[in-house]
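In the numbering used here, the protein residues as written are 29 to 366. Where a beta carbon is used, it is the ideal one built from N, C-alpha and C, also for glycine.
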Amino acid sequence: MDRDALTRTDRVPHGGTSDRSVADFSANTNPESPAGVTPVYDAARAAARRYPSDGYAEFRTAAGEYLDCDPQQVVPTAGALAGIRLVCAIAVDPGDRVLLPEPSFGEYAREVRLQGGTPEFVPHDAIFEADPTGYALAIVCTPNNPTGELPGRCEREAFAARCRSADTPLLVDEAFLDFTDASSLGPQSGVIVARSLTKVFGFPGLRAGFLVATDEWREALETARPAWGLATPAAAVGAHCLECTDFLGRTRERVASERDRMADRLGSRFTVHPSDAPFLLVDVSSADDVGVDALLETAREAGYALRDARTFRTLESHVRIAVRRSAENDGLLEALDV
29 MDRDALTRTD RVPHGGTSDR SVADFSANTN PESPAGVTPV YDAARAAARR YPSDGYAEFR
89 TAAGEYLDCD PQQVVPTAGA LAGIRLVCAI AVDPGDRVLL PEPSFGEYAR EVRLQGGTPE
149 FVPHDAIFEA DPTGYALAIV CTPNNPTGEL PGRCEREAFA ARCRSADTPL LVDEAFLDFT
209 DASSLGPQSG VIVARSLTKV FGFPGLRAGF LVATDEWREA LETARPAWGL ATPAAAVGAH
269 CLECTDFLGR TRERVASERD RMADRLGSRF TVHPSDAPFL LVDVSSADDV GVDALLETAR
329 EAGYALRDAR TFRTLESHVR IAVRRSAEND GLLEALDV
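Written out as structure tokens, the structure reads:
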């Protein structure tokens with residue numbers, strides 16, 4: 029990490045609220061979780077009196093079966109963000125350029141800057157057409173946060189191939205891919221995939237995730253990762269959740285159905301971006317009678333927290349709204365008068 033960068037790099041605002049009196053539509057996490065987690069967590073909590081086994085064999089096996097890859101290609105991390113930092117620490121040196129989409133997850137640029145690198149932004153809907161030549165790293169988010177779109181498999185593969193030809197490693201953040209039926213871009217040469225278990229399984233505070241990489245990147249990540257980087261309860265619950273395929277199927281069906289219904293209702297008053305993710309990006313500028321601040325306040329007074337999306341680059345009149353359970357979604361839609 030570049031020490032000089034610490035004085036000029038700010039923290040990134042995020043969604044999520046600790047106020048339990050409101051329904052949280054500001055964080056894109058599943059409001060439901062798989063059955064059987066409590067006894068798994070309790071058993072792991074007892075085992076946490078000792079250091080975890082740093083090999084994480086059970087977790088790696090579950091992740092490997094989940095993505096149909098070699099468990100040794102799995103690098104356990106404390107959530108996807110810890111994996112993103114690990115990749116940037118290895119790939120980015122002071123003065124390096126890194127290719128990023130905008131608007132997108134603000135932590136990418138922050139991690140690049142903390143290593144002394146320079147983020148160079150391309151519009152999110154053009155990132156897969158960009159030339160990766162000359163960059164120390166390229167980062168994409170699929171589906172993109174906060175816009176929600178997921179490019180087709182052919183488009184993602186073509187960009188990965190161009191990155192390989194340019195000798196530019198590609199980091200693919202697939203934190204929300206579990207909410208879709210699309211397959212992962214990993215494992216393949218030159219591509220590092222970051223996965224989060226906390227979004228789709230509804231445990232953001234547990235901090236469980238992993239990277240998938242091959243060849244020299246797998247070796248570098250495995251060498252550089254912190255010892256005992258994944259807590260015993262997180263590893264145990266993560267391995268359990270990765271086997272809950274029926275839960276994933278039900279989640280995907282609910283999110284797709286509710287997202288379409290919410291987009292239709294919201295679209296009667298606002299401009300709603302097409303989304304493949306468990307959230308909707310809403311431009312309120314098309315409604316003359318309300319702005320972002322007023323909409324956030326209206327929702328909050330009714331007991332709902334929305335994400336102020338103006339904290340994302342290039343967005344000036346947007347909110348992001350998570351897709352939750354049907355009854356909660358109905359309450360929010362009524363509060364927003366749509």
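- Taking 9 Å as the cut-off, the beta carbon of Phe-204 is found closer than this to the beta carbon of Ala-305.
- The Cβ neighbour count for Gln-143, taken over all protein chains shown within 10 Å, is at least 16; the residue is labelled buried.
- The segment 122-137 and the segment 145-155 touch, with no fewer than 3 CB-CB distances between them shorter than 8 Å.
- Unbroken alpha helix (DSSP H) stretches of 4 residues or longer found wholly inside the segment 188-274: 243-252 and 260-270, given in chain order.
- In this chain, the beta strand (DSSP E) harbouring Ala-350 covers 346-350.
- In this structure, Val-310 and Val-318 do not form a Cβ contact; the two beta carbons are roughly 11 Å apart against a cut-off of 8 Å.
- Assignment of beta-bridge partners to Pro-147 by DSSP yields Val-126.
- When Leu-234, Gly-230, Leu-178 and Leu-199 are compared, the shortest CA-CA separation from Ser-211 is found for Leu-178.
- For the pair of segments examined, the segment 238-245 was found not to touch the segment 63-74: the number of CB pairs separated by less than 8 Å stays below three.
- The alpha carbon of Pro-261 has as its nearest neighbour, out of Thr-279, Arg-287, Phe-238 and Leu-234, the alpha carbon of Leu-234.
- For the pair Leu-360 and Arg-48, the Cα-to-Cα distance works out to about 16 Å.
- Residue pairing by DSSP places Cys-169 opposite Asp-201 in a beta bridge.
- Following the DSSP letters along the chain, one finds Asp-70 inside the alpha helix (DSSP H) bounded by residues 65-75.
- For the options Ser-285, Arg-184 and Arg-297, the alpha carbon positioned closest to that of Gln-216 is the one of Arg-184.
- Cα atoms of Cys-169 and Thr-89: separation of roughly 25 Å, rounded to the nearest angstrom.
- Leaving aside the five residues that flank Asn-357 on each side, the residues in its chain whose CB is nearer than 6 Å to its CB run, in chain order, Glu-286 and Met-290.
- Residue range 307-311 is occupied by the beta strand (DSSP E) that includes Leu-309, with no alpha helix (DSSP H) assigned at that position.
- In the three-state scheme derived from DSSP, where H, G and I count as helix and E and B as strand, Val-102 is classed as strand.
- Taking Glu-86 as the centre and dropping the five residues before and after it, the same chain places the C-beta of Ala-263, Ala-264 and Ala-267 closer than 8 Å to its C-beta, in chain order.
- Note on Ser-132: 16 or more other CB atoms within 10 angstroms of its CB, so buried under the neighbour-count rule.
- Straight-line measurement puts the Cα of Val-228 at about 15 Å from the Cα of Gly-176.
- Contact between the segment 315-333 and the segment 270-285 is absent: fewer than 3 CB-CB pairs across the two stretches fall below 8 Å.
- Distances from the CA of Ser-61 to each of Val-312, Arg-293 and Leu-225 were compared; the closest alpha carbon is that of Leu-225.
- Pairwise C-beta distances place the segment 34-50 in contact with the segment 333-353, as three or more of them are shorter than 8 Å.
- Secondary structure at Arg-297: coil, using DSSP grouped into helix, strand and coil.
- Judged by beta-carbon spacing, Ala-248 lies within the 9 Å limit of Ile-118, meaning their Cβ atoms are closer than that value.
- In the three-state reduction of the DSSP assignment, Asp-47 falls in the coil class.
- Under the three-state reduction of DSSP output, Tyr-332 falls in the strand class.
- Counting the other CB atoms within 10 Å of its CB gives Gly-218 a total of 16 or more, which places it among the buried residues.
- DSSP lists Ala-333 as the bridge partner or partners of Asp-52.
- In the DSSP annotation of this structure, the continuous segment of the alpha helix (DSSP H) that includes Ala-355 starts and ends at 354-363.
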